[in-house]
Structures are given as structure tokens and as C-alpha cells.
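Residue numbers (the working numbering), protein chains in the order written: chain F, 132 to 245; chain U, 12 to 123.
Using N, Cα and C, we set each Cβ at its ideal position, and we do this for glycine too.
Structure record follows, encoded as C-alpha cells.
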């Protein structure tokens, strides 16, 4: 049973296209996240949703739009893809429990923009 | 703001050698500290954690102690194996936010 799953695992597309990445968690968590890992392995948070409400929105271009249809899903839609969007995108989830928010990560989606 | 500084890699060791990967942090409040591991081609896995000063996190032979006085959370293992080859990330999380702040990662390569 996969706790946090992402689809697709690999995504190759051309500049200017619009694409979506999907994330689902079956842990019953109430908070989900998107992180971006660049070619140097640096990880940075992009967005976070708690109970379908956006709670973290880092400095990310407007071309990126997260959508949370329910607590178990957090999708990432990217418009007008650019070369610099090439990266590995990780979804994560956690359950708020006091002040400790252990996060569980998905396997990642490797996006390549040509 | 919060930040995490890790030693630059790659770190190359022979099997059974002692491992130390340094991690220091800057944070407001009292953060929880984590080590995550990323094996080749995979996502991140939580390796160990510590939620308050002097706590020691441990898992799979790895250990790290939360040192508030030196703002450090160094990762250690007494005897590394080839299967430990991976990228290791130090991270922190404060009680007022739900986002992890990661270090830049340290690649460990263990050879026979």
C-alpha cells in the first residue's frame, strides 16, 4: 500500500505546454505539500494545503496553481512551461499533532521541459 | 528566517568507516530537527528525528543529537555499508509553520 503516490513518475514536454501532476495520500492526513528539487538536489517548498485550504504559498510564479479537491488529493497544474521548470517535484503529507508535523514524501515526478 | 547548513559533499568512505555529516541551523523558536535520506531514483524517507534539546534520534545505526547550545544536529554512523550510499538532508520545522526547511543535501558514496 503506497502511502503517498504521484502520477506521472516521468513527464517530458515542450516549452509552452500546460501539464498537471497528481498526488494522493491514503494516510488520512489533513495537510499536503508540494516541493521542488532542482538539478543540484536543493529542496524548496512551494505550497501547502490544510483541510483543502491554502496555508503556504512561497514565491512561485503564477503559472503554478495547486488544487485540492479533497483532503487526500493535491494536484499541481503548470501553465506555459519553461525550461527552468525542469526539476523533480515531490508531494508530501502530514497530520497536525501538537507541534510536530512529520512529513511523508511521495516518490517524485521528474519533469523535463524541452 | 530559518536556515540549515550542511557540509558539502560528496563524502566518500570505505565500507565500515565512521561517518559524520555536519548540520547546523538557524531558527526562531524551538525547531524540530530531522534527517531525511534519498536513495538513488527514489523519494525522501525520514531517517530520524529529534523534537527538543538533548534528544537523540536513532535509526538503522544512524544517530543524531539535538544540541541547542551549538545549534547542531550532526549525523553519525559507526560503520557504514555500501547500501548507505545516498543523499542525506538535514531539515528543521518550527512549531509556528508547517513547512520543512532543508539543507542542501550531502551525497555519501560508500565503496568496498
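query                                                                                                                        : result
Which listed residue (84/U, 49/U, 99/U) has its alpha carbon closest to that of residue 168/U                                : Past the edges of chain U, shown from 12 to 123, lies residue 168/U, and the structure says nothing about it.
Spatial distance of residue 187/F from residue 113/U (CA atoms)                                                              : 16 Å
Coarse secondary structure for residue 158/F, derived from DSSP in three states                                              : coil
Helix, strand or coil at residue 89/U [DSSP, three-state]                                                                    : coil
Residues from the stretch 105–122 of chain U in contact with chain F, defined by Cβ distance under 7 Å                       : 106, 109, 110, 111, 113, 115, 116
Segment contact flag, the stretch 190–199 of chain F with the stretch 207–217 of chain F, C-beta cutoff 8 Å, min 3 pairs     : yes
Interface residues of chain F facing residue 53/U [CB-CB closer than 7 Å]                                                    : 238
Contact list for residue 100/U against chain F, beta-carbon separation under 9 Å                                             : 172, 174
Where residue 20/U sits in the DSSP three-state scheme                                                                       : coil
Touching by the beta-carbon criterion (3+ pairs, under 8 Å), the stretch 163–179 of chain F and the stretch 31–45 of chain U : no
Boundaries of the beta strand (DSSP E) in which residue 102/U is found, first to last residue                                : 97–104
Per-residue burial, residue 64/U [other beta carbons within 10 Å of its own, 16 or more giving buried]                       : exposed
Complete alpha helix (DSSP H) runs within the stretch 165–192 of chain F (minimum length 4 residues, chain order)            : none
N-terminal and C-terminal residue of the beta strand (DSSP E) that residue 217/F is part of                                  : Note, residue 217/F: premise wrong, no beta strand (DSSP E); not H, not E.
Three-state class that DSSP yields for residue 109/U in the structure shown                                                  : coil
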